[in-house]
Each structure stands twice: as structure tokens, then as C-alpha cells.
Amino acid sequence: MADPVETDAWQVLGERSIYESKWVTLGAADVVLPSGQHFEHHTVTMPEAAMAVVIDDDQRHVLLSWRHRFVPDVWNYELPGGLVEPGEDPEATASREIVEETGYRARTIRRAVMFEPMIGMVRSRHHVYVAHGAERVGEPTELDEGRFEWLPLADVPRLIDEGKIVNSGTLIGLLHYLALTSGEDRD
1420 MADPVETDAW QVLGERSIYE SKWVTLGAAD VVLPSGQHFE HHTVTMPEAA MAVVIDDDQR
1480 HVLLSWRHRF VPDVWNYELP GGLVEPGEDP EATASREIVE ETGYRARTIR RAVMFEPMIG
1540 MVRSRHHVYV AHGAERVGEP TELDEGRFEW LPLADVPRLI DEGKIVNSGT LIGLLHYLAL
1600 TSGEDRD
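Quick note on our numbering: the sequence shown kicks off at 1420 and runs consecutively.
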């Protein structure tokens, strides 16, 4: 199947910053739609992030953190992960965050998927990896990342249904793993 023809792109005539910090940049873009409509569109740019679905040696459990997120005032399970440092490879970020947040080191790690969590207004590329096997190498050095525990993979659909997994990266990572990884490919 051929890629669709990209003839209806929005034209960006310019963009200006309204607010900048190391965490977020708010902007206003001067855009023209394919229909000819011209207006100012707000943008949000955030750093890239990387996270990993860490599966145990028996391929029956996933390492997740139960934690509170104050902005939406939500408790939920999340994958280990964090922001990609300038010049850092996202795979290195995911590997580093596993160790820093959990005290485990993944035996193998591979790219699963890249996604944009709110593509209509937010630039914030997210990279998801799958890590197989984990060896305890010490205590976590990031102490405010919640309580990590090995949960049965078989429980993930129920946890999603109960609203205990609502983070977009965690949902995408776990659903990608469960839906697109065959039993033979899980080792």
C-alpha cells in the first residue's frame, strides 16, 4: 500500500514564544489551513521522553510504579521512564531510568514504538521500549517515583478497565506489548 499524498499540509508562516522553561515552551503559530483560513494557533513544546515495559525472566510480570500525579490528582501505575537529556539517545534514557527509578538493570532492551501524546497542539515525542529480564543492581536513586512492584501481565487489562493505568505512555507501552508481541517473540 502506497503512502497517502501529502497535499493538504497546514502552512506555518511563523511562530513566536509566549513562555519558556526547561519543562515547557508555550507558543503561538501563524497558520494557514488548506481551505485558506488564516489564524493564530497555540502550541506547547515539551522535552522528549522515553520509557520501558520491563518484563521479568518468566515473561509473566511487568515492573510498574504506583504513584500520584498532582496535576490531574490521579493515582495510577506507570512504567519507569523520564526525559531524554540533550544529546542522549532515547534508548539510553530508558535504560538509565530503569536503573535510577527501580534499582534493576534490563538484560535486553529494544524499541517498540514512538508516539506523540497530544498531536494536535503538543510537541513531545515519546519513545517506548521493551526490556526483557531484570537484574537487581542496587537501590533506586530517584526516590520520588512511587512504589515499584512486579505485577502479573494477566492483570493489566483489568487494571486498565478499573482506571488504575491512565498514563498515555504506560497504556501505549503495555497495550503494544500485549497486542503486538506474539508468545514466541516475548523472549
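Ideal Cβ placement from N, Cα and C applies to all residues, glycine included.
Closest by CA to residue i, which one among the options?
{"i": "residue 1567", "options": "1482, 1452 and 1449", "result": "1482"}
{"i": "residue 1529", "options": "1511, 1495, 1434 and 1523", "result": "1511"}
{"i": "residue 1557", "options": "1443, 1543 and 1518", "result": "1518"}
{"i": "residue 1457", "options": "1436, 1431, 1496 and 1545", "result": "1431"}
What are the boundary residues of the alpha helix (DSSP H) that residue i is part of?
{"i": "residue 1512", "result": "1509-1521"}
Tell me whether residue i sits in a helix, a strand or coil according to DSSP, three-state version.
{"i": "residue 1575", "result": "helix"}
{"i": "residue 1506", "result": "coil"}
{"i": "residue 1426", "result": "coil"}
{"i": "residue 1437", "result": "strand"}
{"i": "residue 1463", "result": "strand"}
Terminal residues of the continuous beta strand (DSSP E) containing residue i?
{"i": "residue 1494", "result": "1493-1497"}
{"i": "residue 1450", "result": "1444-1451"}
Is residue i near the ligand HEM, with its Cβ less than 7 Å from a heavy atom?
{"i": "residue 1438", "result": "Ligands are entirely absent from the displayed structure, and the ligand HEM is therefore not among its contents."}
I believe residue i touches residue j by the beta-carbon criterion, under 8 Å. Please report the beta-carbon distance rounded to the nearest angstrom.
{"i": "residue 1549", "j": "residue 1471", "result": "7 Å"}
{"i": "residue 1463", "j": "residue 1445", "result": "6 Å"}
{"i": "residue 1524", "j": "residue 1553", "result": "7 Å"}
{"i": "residue 1588", "j": "residue 1500", "result": "6 Å"}
Secondary structure, beta strand (DSSP E): runs of 3+ residues fully inside the stretch 1467-1491
Unbroken beta strand (DSSP E) stretches of 3 residues or longer found wholly inside the stretch 1467-1491: 1468-1474 and 1480-1488, given in chain order.
In chain order, which continuous runs of the beta strand (DSSP E) of length 3 or greater are located wholly inside the stretch 1521-1603?
Here the runs fully enclosed are 1523-1534, 1545-1555 and 1566-1571.
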